[in-house]
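In my numbering, the protein residues as written are 626 to 824. Report on the structure given below.
Quick look at the structure:
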């Protein structure tokens, strides 16, 4: 079966669109331990899918995109999908989990521990220890930070990543609330609504 991925990336800061298409062939083996572990045996009911399209909306720190997957390879995708929550990091060289916790602590001192009411396209950001930690609202309406999400971001290990984004809540408008963690040199914040405080 053929897997075709088309990614359309729309920049948060401009109207430009970048489109990337990749195609590869996937030959599943239901007898392999790997496919059994990934739940392949539970997808037999989907084996009749020959054509069709699955669209997945993805969000990044700086943009928005749609992945369109066509063909019977949808079965393979569903078999290997996980629900793990991780930082999506675009660069190496971050300060690790200890630095994230330190900057998170400073964020709470600078902005308070109460949930923030965030305007459209607004970020609240702490700049400490040569790193940024913050939260951004990428929707078109004001949103209240979800209870507990900031601590989820603190407790999730970014490993050695920088220029990272995390979306703890995935339902409804909450999917537009994104936490960021990065070395200062790897990202810049522009826009009149952003609030950046230095410890």
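The beta-carbon is built from N, C-alpha and C at its ideal position, and this holds for glycine as well. Since this is a predicted model, take the numbers as computed values, not measurements.
Less than 7 Å between C-beta atoms, sequence neighbours within five positions excluded: which residues of the same chain meet that for residue i?
i: residue 821; result: 750, 752, 814
i: residue 740; result: 769, 770, 772
i: residue 777; result: 793
i: residue 787; result: 714, 716, 717, 718, 719, 807, 808, 811
i: residue 816; result: 746
Given that a residue counts as buried once 16 or more other Cβ atoms are within 10 Å of its Cβ, and exposed if not, what is residue i?
i: residue 807; result: buried
i: residue 734; result: exposed
i: residue 803; result: buried
i: residue 832; result: Past the edges of the chain, shown from 626 to 824, lies residue 832, and the structure says nothing about it.
i: residue 795; result: exposed
i: residue 721; result: exposed
i: residue 710; result: exposed
i: residue 833; result: Limits of the chain in this structure are 626 at one end and 824 at the other, which puts residue 833 out of reach.
i: residue 765; result: exposed
i: residue 793; result: buried
i: residue 785; result: exposed
i: residue 719; result: buried
i: residue 701; result: Confidence is the limiting factor: at residue 701 the pLDDT is only 37, short of 50, which leaves the residue's position unreliable and the question unanswerable from this model.
Look at residue i and residue j and say whether their C-beta atoms are less than 9 Å apart.
i: residue 805; j: residue 759; result: yes
i: residue 811; j: residue 725; result: no
i: residue 818; j: residue 714; result: no
i: residue 824; j: residue 731; result: yes
Can you list, in chain order, the residues of its chain whose CB lies under 6 Å from that of residue i, leaving out five sequence neighbours each side?
i: residue 743; result: 762, 768
i: residue 799; result: 771
i: residue 729; result: 758, 779
i: residue 727; result: 754
Tell me the DSSP bridge mates of residue i?
i: residue 747; result: 762
i: residue 823; result: 752
i: residue 717; result: 786
i: residue 742; result: 769
Any alpha helix (DSSP H) of 4 or more consecutive residues that is wholly inside the stretch 759-811: 774-780
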